[in-house]
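Visitor: Input: one structure, supplied below.
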Amino acid sequence: MARQKEFDTQIVLEKAMDVFWKNGYEHTSMQNLVDAMGIHRRSIYDTFGDKHNLFILSLKLYEELIIRNIQLNILESMSVHEKLKNVFSVIVSDNDHRAGCLIVNTAAELSNIDPVVEKEIQDFFNREEHLIFNILLTAQEKNEIAVSTDIEALSCFLHNALIGIRVLSKTTNDNEKLNMIIDQTLKNIN
Numbered sequence: 001m002a003r004q005k006e007f008d009t010q011i012v013l014e015k016a017m018d019v020f021w022k023n024g025y026e027h028t029s030m031q032n033l034v035d036a037m038g039i040h041r042r043s044i045y046d047t048f049g050d051k052h053n054l055f056i057l058s059l060k061l062y063e064e065l066i067i068r069n070i071q072l073n074i075l076e077s078m079s080v081h082e083k084l085k086n087v088f089s090v091i092v093s094d095n096d097h098r099a100g101c102l103i104v105n106t107a108a109e110l111s112n113i114d115p116v117v118e119k120e121i122q123d124f125f126n127r128e129e130h131l132i133f134n135i136l137l138t139a140q141e142k143n144e145i146a147v148s149t150d151i152e153a154l155s156c157f158l159h160n161a162l163i164g165i166r167v168l169s170k171t172t173n174d175n176e177k178l179n180m181i182i183d184q185t186l187k188n189i190n
């Protein structure tokens, strides 16, 4: 009969995510994970697989947290500018500890050398760009933006700006500056 887990899988996965977020993949040892997660090495392997699989699960958890935060901050009654401002603002507020964005950090660290990670990052970026596209599509259907607006190109532009804000938020504590950049970016929507 298998032993019952004596830990909450979600909580220890969040702890692993935080370690990867702070240190990156290469600079995180299994001992770092054991210490942070508060469980035995064997339990990590039995529950999550190897370090690489634990890292992929951490990336997926991070994405879930971002999407959940975005969804909580976007109401159907909001204007397109309010919705997009909230998408950008969630990213800025989620990076208050200045570790940057785990997705962007990972893209810079591993995308060129790890095809599994590269696919995870690309899938995340595609889903996020699609979320922006859907916000723009709804706005276009409500006549908030011109029918002639190329919302596919605009969603690519805005997503690129969102990634840039993620990078910049890692290098500055100046939320006023970040919000000024966001406001200027959103002026492209009309």
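Just so we're aligned: 88 in full-length UniProt numbering is position 88 of the sequence shown, and the numbers increase by one with no gaps anywhere. From the three backbone atoms N, C-alpha and C, an ideal C-beta is built for every residue, glycine too.
1) Could you check the C-alpha separation between Met1 and Gly24 for me, to the nearest Å?
2) Give a yes or no on whether the C-beta atoms belonging to Val80 and Ala139 are separated by under 7 angstroms.
3) Give the single residue among Ile135, Asn143, Tyr62, Asn175 whose Cα lies nearest to the Cα of His159.
4) Between the region 154-169 and the region 82-90, are three or more C-beta pairs nearer than 8 angstroms?
5) Within the UniProt domain "HTH tetR-type" (6-66), note down every full alpha helix (DSSP H) run reaching 4 residues or more, in order along the chain.
6) Using 8 angstroms as the cut-off, can you tell me whether the region 106-117 makes contact with the region 176-189, which would need three or more C-beta pairs spanning the two stretches below that distance?
7) When burial is assigned at 16 or more other CB atoms within 10 Å of the CB, is Ala16 buried or exposed?
8) On the premise that Ser169 lies in contact with Phe133, defined as a C-beta separation below 8 angstroms, what is that separation, rounded to the nearest angstrom?
9) Helix, strand or coil: how does DSSP classify Met1 here?
10) Quick check on this structure: which residue in Ala36, Glu152, Ala153, Thr172 has the alpha carbon closest to the alpha carbon of Gly100?
11) Let me know if Asn127 comes out buried or exposed under the rule of 16 or more other beta-carbons within 10 Å of its beta-carbon.
Guide: Per the coordinate set shown:
1) The count along the sequence shown starts at 1 and reaches residue 1 at position 1. The count along the sequence shown starts at 1 and reaches residue 24 at position 24. Only weak support is given to the placement of Met1: the predicted model assigns it a pLDDT of 46, under 50, and the question is left unresolved by the model.
2) Position 80 of the sequence shown, counted from the start, is the residue given in the question as residue 80. Position 139 of the sequence shown, counted from the start, is the residue given in the question as residue 139. Contact flag set, yes.
3) In the sequence shown, residue 159 corresponds to position 159, counting from 1. Answer by Cα proximity: Ile135.
4) yes
5) 9-23, 30-37, 41-48
6) no
7) As a working note, residue 16 is residue 16 in the sequence shown. It counts as buried.
8) In the sequence shown, residue 133 corresponds to position 133, counting from 1. In the sequence shown, residue 169 corresponds to position 169, counting from 1. Not a contact, Cβ separation roughly 23 angstroms.
9) Here residue 1 refers to the residue found at position 1 of the sequence shown. No answer about Met1 holds up, because its pLDDT of 46 lies below 50 and its placement is not dependable.
10) For this step, residue 100 is matched to residue 100 along the sequence shown. Considering only alpha carbons, the answer is Thr172.
11) Start at 1 with the first residue of the sequence shown, and residue 127 comes out as number 127. Asn is not the amino acid found at residue 127; the sequence shown has Arg there. Answer is exposed; the Cβ neighbour count stays below 16.
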